[in-house]
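Going by the numbering used here, the letters in the sequence shown line up with residues 123 to 522, in that order. Here's the structure, in structure tokens; my notes come after.
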Amino acid sequence: MADKTDIGRRRFLHAGAVTGVGAILLTGCGRGNSDSARGNEPANNSEPEPDKSQPKRLDKRGTVVGGGALPGGQFFVGITDLDATNPEARHPQDIGFLGHGFTPRLDRPEVVMITEKHGEGCVEYDLKQGKVLRRVVAAPGREFYGHSAFSPDGKLWYCTEAETGNGSYDGVLSVRDANTLELRDKMFPTHGVAPHDCILIDEGATLVITNGGGPVDHADEPASVAYVDVKTGNARKLLTFKNPKINAGHIAMSSKGELVCVSAPRDGIESTSPDFRGAISFYHPDRDEFITADDPIREKMKSETLSVAFDEVTRVVAATNPAGNLVTFWDFDSGKLVKSLDQFKVPRGVSLTLDGKFFVLTHDASTMLTLIDAETLEPQSAPVVDQSFISGSHNYIFDL
123 MADKTDIGRR RFLHAGAVTG VGAILLTGCG RGNSDSARGN EPANNSEPEP DKSQPKRLDK
183 RGTVVGGGAL PGGQFFVGIT DLDATNPEAR HPQDIGFLGH GFTPRLDRPE VVMITEKHGE
243 GCVEYDLKQG KVLRRVVAAP GREFYGHSAF SPDGKLWYCT EAETGNGSYD GVLSVRDANT
303 LELRDKMFPT HGVAPHDCIL IDEGATLVIT NGGGPVDHAD EPASVAYVDV KTGNARKLLT
363 FKNPKINAGH IAMSSKGELV CVSAPRDGIE STSPDFRGAI SFYHPDRDEF ITADDPIREK
423 MKSETLSVAF DEVTRVVAAT NPAGNLVTFW DFDSGKLVKS LDQFKVPRGV SLTLDGKFFV
483 LTHDASTMLT LIDAETLEPQ SAPVVDQSFI SGSHNYIFDL
């Protein structure tokens with residue numbers, strides 16, 4: 123069996139886009155699908171009032187970004203403007219590690235914090251200039267674990283980290299000054315082991331964090347989704363799985379607080395086991411139910427279910443399984459499978475364009491980028507670019 127450090131490197135792999143912000147504010151963790159209010163509308167408009175229960179959409183597709191690597195240890199950022207007449211991918215400057223989480227600054231959305239998954243790499247990066255602005259060092263004995271979030275006022279920056287120096291992998295929510303990027307005195311537990319993804323909700327009062335959990339035979343280290351009060355560090359809610367053989371990986375949330383979580387097999391499950399497969403679970407806050415989908419397609423969801431995107435308008439959730447060469451689409455409300463696609467090799471990142479019209483899929487060894495119609499779930503006949511340079515776990519959509 124691999125040691126805990128080795129297995130931890132495959133423990134988590136990430137998620138797509140959060141679509142829209144309504145009564146609940148969703149901030150951070152690299153989510154690029156933020157709201158943008160309509161501008162220059164007359165005060166007495168005869169148009170009907172917009173449905174505030176639905177996310178707002180922008181009249182553009184957006185710019186796709188994500189981390190990438192080339193053989194030989196070159197690491198960079200892939201950037202493709204989907205609204206260009208002839209989209210082309212850029213891949214500026216070696217950043218020194220494979221970027222996992224991309225979290226935009228609230229005051230300068232072209233500047234993102236890029237964090238490594240299970241490592242010491244972290245940079246402040248300007249997407250327009252294509253260069254590193256600053257590097258951030260993890261606290262002694264800790265590693266970045268993939269994702270982060272800014273407080274709504276832009277003054278604090280939260281990171282998921284783990285205590286790797288003592289071998290415990292206990293989750294830590296570090297708090298840094300957003301301007302200086304220096305650690306503040308306070309930090310909080312993530313209420314689990316091996317934390318990863320995070321989304322800030324409740325107008326910045328609560329951070330939703332996934333804890334991957336320890337090896338499958340460690341009953342005292344379960345996988346969970348923790349709702350942490352960022353002022354006190356207390357857990358307001360802790361979601362756990364009925365199936366103890368899956369971890370908590372990436373999440374996507376709606377403006378109503380509905381949550382989707384994708385999973386990988388827990389550490390210690392052999393690749394030859396029938397339990398070595400991913401999963402997708404749905405949390406309904408109105409009835410406080412956390413349900414893992416039970417469908418025959420799970421037999422094909424080999425290894426981890428990696429990236430996830432939630433289209434709040436159609437209620438469809440997209441998820442990828444790279445090892446199974448599989449993209450699945452689910453109805454959130456029923457938790458039922460809607461459609462699956464198996465023609466894409468090694469599908470990894472999936473997100474939703476800013477106009478909500480397409481899912482964006484990065485796939486194949488050559489890192490192709492393909493659009494999938496969000497209504498029909500039919501992919502376009504040809505990729506937007508044959509090489510996006512995004513080979514990491516996610517692609518993100520930003521308004522640049």
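Note that the Cβ used here is the ideal one computed from N, Cα and C, for glycine as well.
Taking each of PHE404, GLY188 and ASP181 in turn and checking the Cα distance to ARG470, the smallest one comes out for GLY188. Shown here, GLY241 sits in a strand according to DSSP, grouped into three states.
For ASN443, the enclosing beta strand (DSSP E) starts and ends at 438–443. Two segments are said to touch when three or more pairs of C-beta atoms, one from each, lie closer than 8 Å; by this definition the region 454–462 does not touch the region 478–486.
Collapsing the DSSP output to three states places LYS250 in coil. As for any alpha helix (DSSP H) of minimum length 4 sitting wholly inside the region 261–334, there is none.
Spanning the alpha carbons of VAL352 and GLY326 requires a straight line of approximately 8 Å.
Of the residues ALA316, GLY218 and ARG179, the one whose Cα lies closest to the Cα of GLY194 is GLY218. Straight across, the Cα-Cα distance linking ASN356 with VAL507 is about 45 Å. Separation of the CB atoms of THR484 and ASN443 is rounded to 14 Å, and the pair is thereby denied contact status at 8 Å.
By the C-beta density criterion, SER273 is buried, having at least 16 other C-beta atoms within 10 angstroms. Residues of the same chain with a CB within less than 6 Å of the CB of ALA260, apart from the 5 flanking positions on each side, are GLU242 and PHE266 in chain order.
A straight-line Cα-Cα distance of about 8 Å links ALA487 and SER513. Residue state for ARG420 is assigned as helix, using DSSP reduced to three classes.
When DSSP states are grouped into helix, strand and coil, GLY194 belongs to the coil group. Between the alpha carbons of LYS367 and ILE321 lies a gap of roughly 24 Å.
Between THR185 and LEU249, the C-beta gap is smaller than 9 Å, which places the two residues in contact.
The three-state secondary structure of GLY223, taken from DSSP, is strand.
9 Å or more divides the Cβ of ALA284 from the Cβ of ASP275. Scanning LEU428, GLY390 and MET375 for the CA closest to the CA of PHE454 turns up MET375. If you ignore the 5 residues before and after ARG227, its C-beta comes within less than 6 Å of the C-beta of VAL233, all in its own chain and listed in chain order. HIS372 and MET423 have their C-alpha atoms spaced approximately 15 Å apart.
With respect to the 9 Å criterion, VAL258 and ARG306 are not classified as neighbours on the basis of their beta carbons.
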